[in-house]
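Using the numbering used here, the letters of the sequence shown map in sequence onto residues 592 to 859. Where is the CB? At the ideal position from N, CA and C, for every residue including glycine. What follows is a single structure, written as structure tokens, with notes after it.
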Amino acid sequence: MLLMINYELKLNKKSITNKQLVMTKLIIQITKLFVIALTFLLLQSCMNSNWNRETISGNGNIVEVSRTVDTPFQAVKAQTGLDVIIRQDNNVSIKVEADENLLDHIFTEVKDGELIIHSDANILNFKAKKIYVCVPNLNKISSSSGASINSEKTLDFDNLELESSSGSVIDITVKSNYLSCESSSGSSIIAKGSAKSITTESSSGSTIDLENLIAENGQSSSSSGSSTNVNVTNELKADASSGSSIHFVTKPSSLIKDESSGGSVSSK
């Protein structure tokens with residue numbers, strides 16, 4: 592009788608385990624389909640937006656023009672496929688390097704303490720569309736709509752927030768007390784350097800790569816097929832869900848993890 596009960600218990604456990612495995616695989620597949628659908632909708636939205644704008648080709652004559660800055664700013668936002676390079680300097684300056692006929696379509700304006708860099712046209716066949724920004728300090732850097740932001744040398748900013756969306760890229764070297772990273776919609780954030788504390792949040796097929804940024808403490812969350820790499824030495828709190836992943840390069844002294852709906856937290 593006892594043998595029969597033990598056998599039935601084993602069968603029930605095996606059945607539950609198989610059900611859980613099937614459900615996990617189903618959730619991962621649904622998440623992948625959701626990310627694909629979301630990406631398609633975003634691309635469609637971008638295409639619809641682009642159709643409403645003028646398309647222009649560069650004339651191949653590269654020129655450099657300085658832009659005046661009358662209003663102070665603490666944040667930089669890049670949009671619409673432009674390339675922005677940030678350098679830390681005591682003197683604030685903005686320089687545009689682009690094909691001559693593109694200059695009138697590249698805007699650099701400050702609103703509510705944020706330098707917004709964008710274009711009113713779809714720029715094709717260009718030789719350059721770069722904007723160089725020199726600034727002593729920033730508390731936020733954000734990108735969207737296929738734009739890219741890079742740093743020239745290390746940015747020594749005390750508290751910095753990075754935010755990317757819609758297929759854009761942020762790739763910087765930074766030394767910070769506190770660093771926050773948020774990516775979504777197929778975009779990516781790559782940061783190298785060091786920070787005492789980091790917070791990351793990735794979603795919708797985006798990536799955050801802090802493999803070469805050493806942090807003492809960190810808190811990371813990922814969802815919807817996104818991925819995150821971190822390098823935390825002391826305490827790491829990680830929460831992965833919906834087919835996403837969080838990888839840690841160095842095993843932290845303390846690891847608190849939560850995995851659900853096909854999400855995973857593991858060493859790289």
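{"Asked": "Quick one: grab the DSSP three-state call for residue 849.", "Found": "strand"}
{"Asked": "Let's see if you can read the secondary structure: which residues bound the beta strand (DSSP E) around residue 802?", "Found": "798 to 813"}
{"Asked": "Buried or exposed for residue 697, going by 16 or more other Cβ atoms inside 10 Å?", "Found": "buried"}
{"Asked": "Quick check on DSSP: helix, strand or coil for residue 655?", "Found": "strand"}
{"Asked": "In whole angstroms, what is the alpha-carbon distance linking residue 851 and residue 831?", "Found": "6 Å"}
{"Asked": "Going by the DSSP bridge assignment, what does residue 687 pair with across the sheet?", "Found": "656 and 722"}
{"Asked": "Please name the residue or residues paired with residue 840 in a DSSP beta bridge.", "Found": "The partner list for residue 840 (beta bridge, DSSP) is empty, contrary to what the question assumes."}
{"Asked": "Extract the residue ranges of the beta strand (DSSP E) inside the segment 755 to 779, only unbroken runs of 3 or more that lie entirely within it.", "Found": "760 to 774"}
{"Asked": "Suppose contacts are defined by Cβ-Cβ distances below 7 Å. Is residue 751 in contact with residue 782 by that definition?", "Found": "no"}
{"Asked": "What is the rounded straight-line gap between the Cα of residue 720 and the Cα of residue 688?", "Found": "6 Å"}
{"Asked": "Judging by CA-CA distance, which residue of 707, 716 and 654 is the nearest neighbour of residue 648?", "Found": "716"}
{"Asked": "Have a look at residue 828 and residue 644 and give me their C-alpha separation to the nearest angstrom.", "Found": "44 Å"}
{"Asked": "In angstroms, rounded to a whole number, what distance separates the CA positions of residue 743 and residue 728?", "Found": "14 Å"}
{"Asked": "By the DSSP assignment, the beta strand (DSSP E) with residue 678 in it spans what residues?", "Found": "674 to 679"}
{"Asked": "Check the DSSP bridge columns for residue 698 and list the partner residues they point to.", "Found": "709"}
{"Asked": "Consult DSSP for residue 822 and reduce its assignment to one of helix, strand or coil.", "Found": "strand"}
{"Asked": "Check each candidate in 797, 769 and 686 and name the one with the smallest Cα separation from residue 777.", "Found": "797"}
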